[in-house]
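Sequence lines, in order, name chains A and B. So the first sequence is residues 1 to 390, counted in the numbering used here. So the second sequence is residues 391 to 780, counted in the numbering used here. Glycine included, every Cβ here is placed at the ideal spot set by N, Cα and C.
Number of protein chains: 2
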Amino acid sequence: MKLNSRLNELARDDIFLKVTNKVAEYKKNNPDKKVISLGIGDVSKPIIQPVISAMHRAVDDLSDMKTFKGYGSYYGYDFLKDAILKNDYKGFSFSKDEIYISNGTKTDTTSILELFDIDSKICLTDPMYPIYKDGATCLNRRIVEIKLKEENDFVPEIPKEKYDIVYMCSPSNPIGIAYNRLELQKWIDYALANEAIILFDNVYSSFIQSSDVPTSIYELPNAKKVAIEFRSFSKNASFTGVRCSYYIIPNEISKNINRIWKERTINRFNGADYIAQRGAEAVYLPESQKLIQTNIEDYLDNASFLRRELLNLGFKVWGGIDSPFMWVKTTENMDSWNFFNLMLNDLNIVVIPGCIFEGNNSKYFRVSALGFRKDIEECVERLKAYYEKK
Amino acid sequence: MKLNSRLNELARDDIFLKVTNKVAEYKKNNPDKKVISLGIGDVSKPIIQPVISAMHRAVDDLSDMKTFKGYGSYYGYDFLKDAILKNDYKGFSFSKDEIYISNGTKTDTTSILELFDIDSKICLTDPMYPIYKDGATCLNRRIVEIKLKEENDFVPEIPKEKYDIVYMCSPSNPIGIAYNRLELQKWIDYALANEAIILFDNVYSSFIQSSDVPTSIYELPNAKKVAIEFRSFSKNASFTGVRCSYYIIPNEISKNINRIWKERTINRFNGADYIAQRGAEAVYLPESQKLIQTNIEDYLDNASFLRRELLNLGFKVWGGIDSPFMWVKTTENMDSWNFFNLMLNDLNIVVIPGCIFEGNNSKYFRVSALGFRKDIEECVERLKAYYEKK
């Protein structure tokens, strides 16, 4: 028995762990200090009441054989597919055959590689959400990274090389920027010309505010021929602990693509949780949509506040308009670990060092506006006091 | 973009679909006929009340930020790991580091291949639960099948060849037999001698009655050095729609195996559903264990009744003692499709043709005792009337 040697390439995770351990160690040695995290990627809003009620009803369904639900469809219940297609994909005329309900975009965006040839040339950017690269490694795929440049505002240039698969995350984690129509159309045209597939991670779509940013890639001409779009209920409906996601594979990509993917899915997945699917269905109730809109506005207000204050303090900031995330340049040309240490030790603020998302010597860090407003305000006060004193 | 050509090898699923379609067509053409399925692999008992209550409490936890649970551990909550280790693995001294909570054994038993070299020689039996083979195909692995023989009562012979990975399902789906200590020890010795890993699918462990059949492979000497055991809450706690499973990777297999698998899992899975995990925890309450025992006894009573009646009618029957499944030889040397058609058209009984689980020309079929007693009794009456008339 030989272990999969490719797994030895998974190094970045140690950095996440290193952050966690450093914070834990600091807290242990400084029990009197109040450490606040601006690194949080989880939500700070509980699940809204109409969704809670729907999940209670679903739990009750399971207590009686007359309403019990056992194995569901491998691809999700029709009630949820219908709700998603009618709401998120209204007017796109996708059929239920083209949508899959699943249990998390992390798994979906990497498992989808099973659909494509193992030797496919996969392209992604640096910095990037590390899961695509490391998930691809677990699945014995090889990836190529395109270095993003500050002078281009971290918008990637269209490659001259031919790739088979392109990962895109928009609104982006970690940069926090979203592709506008013009930029996105260039990628679609690239994919068409190169017979490439775009894996479009759109889990932050609810945060999109800019009028020139599409909420779905399918708003753009020809996207249905080249793009698989992934979304989830994690951030808008606070399902980070409940687990429910979905993705679209358009029939237009290739004749048998959905037949083949269904056969694959039968063999690899036994369907998403019934309770989660009933909860997700209730996300689309009019009363839910109102409550969710309020939550999203709160997060975006936090982002707007934090962005403004960081800019006022002289930081270079990207993102935070169509996303809860911001990518920020360190001061004094510090590398991201040094900046992390400074923030933790002197200001008791946790930021995510950029090196988690890109190669060595990152001079950036990620902050998030998903936390509580009062915590974000306190961080801003600490930053002001520190930088105004300097 | 090239699709993964290995997915073209997934042919068996069409047989499942063919069964479903044939049954649907028959029902459509014969709306007055009462078709009963003996093929059912799902449960017929609802979820017990203590588990329902725990899931209601978990739903309420999510409605308030004071008790909200977002992203959990990638490997499961400690409360559930503790409950499993204290109950199912009492006395085995596994640490929480060696257990993983997941969302279904179908995914677990195939995804685990990511831990091992892509060129590992994988061995499984024919007949076998088709997911291992087809899941391995989705993950670009190659498998070798050992043909099981009726004259050996479908117990596989220890291979002379060296394999890296051996799939075992015990109690077995579809055969319905379980390995006894003697047989299992031979496989453990084989694995030790050949540095192989046993992937031991033990999802039907609650059905084990025979005193010479271990409820965990780890009861046997050296199993901790070679075996990964998979279990779930699907059949004992009727979680087929809720999705919660678990598996053990013993540290004894190899020094870094759990460190490596944790790094892999961070990149491929965002944890199991919180509500499901709270429900699963409640499975181990004393009042739950009593109710579950009653359910399992009901299923086993059904199996015992069906087995006895099939034997009385002159069928050759395997399994049904430590399992809800039985593997039955067709009459008159019919192949399994012809027998399926006979049963459907003449007796309005659905059985699962053996060719789903083995190569062509299977002369066997699978029946299950997971259905309702009255339905099973009615099938027996129909079979009696048919065979006694002949």
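{"Query": "Would you tell me roughly how many angstroms separate the C-alpha atoms of ASN751 of chain B and PRO743 of chain B, rounded to the nearest one?", "Result": "10 Å"}
{"Query": "ALA613 of chain B by DSSP, collapsed to three states: which one?", "Result": "helix"}
{"Query": "List the endpoints of the continuous alpha helix (DSSP H) containing CYS528 of chain B.", "Result": "520-528"}
{"Query": "What ranges does the alpha helix (DSSP H) occupy inside the segment 452-493 of chain B, keeping only unbroken runs of at least 4 residues that lie completely in it?", "Result": "468-477"}
{"Query": "Comparing the C-beta of ASP454 of chain B with each C-beta of chain A, is any distance below 8 Å?", "Result": "yes"}
{"Query": "Is DSSP giving GLU358 of chain A helix, strand or coil here?", "Result": "coil"}
{"Query": "Straight-line CA distance for LEU400 of chain B to LEU529 of chain B?", "Result": "12 Å"}
{"Query": "Leaving out the 5 sequence neighbours to the left and right, which residues in its chain are closer than 6 Å to LEU696 of chain B when beta-carbon positions are compared?", "Result": "ALA759, ILE766"}
{"Query": "What are the residues of the segment 412-431 of chain B that lie near chain D, defined by any Cβ-Cβ distance shorter than 8 Å?", "Result": "Chain labels in this structure do not include chain D; the protein chains are A and B."}
{"Query": "Considering only the alpha carbon of each residue, which of A:LYS33, A:ILE228, A:TYR274, A:ALA276 lies closest to ILE112 of chain A?", "Result": "A:ILE228"}
{"Query": "Note down the Cα distance separating ASN646 of chain B from GLU541 of chain B, rounded to an integer number of angstroms.", "Result": "42 Å"}
{"Query": "On the premise that SER73 of chain A lies in contact with GLY271 of chain A, defined as a C-beta separation below 8 Å, what is that separation, rounded to the nearest angstrom?", "Result": "6 Å"}
{"Query": "Near ASP468 of chain B, what residues of its chain come up, given a Cβ to Cβ distance below 8 Å and the 5 sequence neighbours on each side ignored?", "Result": "LYS486"}
{"Query": "Out of A:LYS149, A:PRO130, A:GLU161, A:PRO46, state which residue places its alpha-carbon closest to the alpha-carbon of ASP201 of chain A.", "Result": "A:PRO130"}
{"Query": "Can you tell me the Cα-Cα spacing of ARG772 of chain B and SER595 of chain B, whole angstroms?", "Result": "31 Å"}
{"Query": "For SER345 of chain A, which of A:ILE15, A:LYS45, A:ASP32, A:LYS2 has the nearest alpha-carbon?", "Result": "In the sequence on display, residue 345 of chain A carries Asn and not Ser. Among A:ILE15, A:LYS45, A:ASP32, A:LYS2, the Cα nearest to that of ASN345 of chain A belongs to A:ASP32."}
{"Query": "Within 10 angstroms of its Cβ, does THR683 of chain B collect 16 or more other Cβ (buried), or is it exposed?", "Result": "For the sequence presented, residue 683 of chain B should be read as Gln rather than Thr. The residue is exposed, with fewer than 16 neighbouring Cβ atoms inside 10 Å."}
{"Query": "Measure the C-alpha to C-alpha separation of ILE430 of chain B and PRO564 of chain B and round it to an integer number of angstroms.", "Result": "12 Å"}
{"Query": "Since LYS324 of chain A and PHE207 of chain A are thought to touch, with beta carbons under 8 Å apart, how far apart are those beta carbons, to the nearest angstrom?", "Result": "Note that residue 324 of chain A is Pro in the sequence shown, not Lys. At roughly 6 Å, the Cβ-Cβ gap stays under 8 Å, so PRO324 of chain A and PHE207 of chain A are in contact."}
{"Query": "Anything in the segment 274-307 of chain A with a Cβ closer than 7 Å to a Cβ of chain B? List those residues in chain order, please.", "Result": "TYR274, ILE275, ALA276"}
{"Query": "Quick one: is ALA196 of chain A near chain B, going by C-beta distance under 8 Å?", "Result": "yes"}
{"Query": "Do we get a CB-CB distance below 8 Å when we pair THR110 of chain A with the residues of chain B?", "Result": "yes"}
{"Query": "Would you verify that the beta carbon of TYR71 of chain A is, or is not, closer than 8 Å to some beta carbon of chain B?", "Result": "yes"}
{"Query": "VAL718 of chain B and PHE755 of chain B: beta carbons closer than 8 Å?", "Result": "yes"}
{"Query": "Can you find at least 3 beta carbon pairs, one from the segment 41-59 of chain A and one from the segment 79-93 of chain A, that sit closer than 8 Å?", "Result": "no"}
{"Query": "Please list the segments of the alpha helix (DSSP H) lying wholly inside the segment 159-214 of chain A, counting only runs of 4 or more residues, in order along the chain.", "Result": "181-194"}
{"Query": "Note down, in chain order, each residue of its chain lying with its Cβ closer than 7 Å to the Cβ of VAL632 of chain B, except the 5 sequence neighbours on either side.", "Result": "ALA666, GLY669"}
{"Query": "Which residues mark the beginning and the end of the alpha helix (DSSP H) in which THR684 of chain B is found?", "Result": "676-702"}
{"Query": "Kindly list the residues whose CB is nearer than 8 Å to the CB of LEU311 of chain A, restricted to its own chain and excluding five residues on each side of it in sequence; keep chain order.", "Result": "VAL317"}
{"Query": "Quick one: list the residues of chain A neighbouring SER434 of chain B, beta-carbon separation under 8 Å, in chain order.", "Result": "MET65"}
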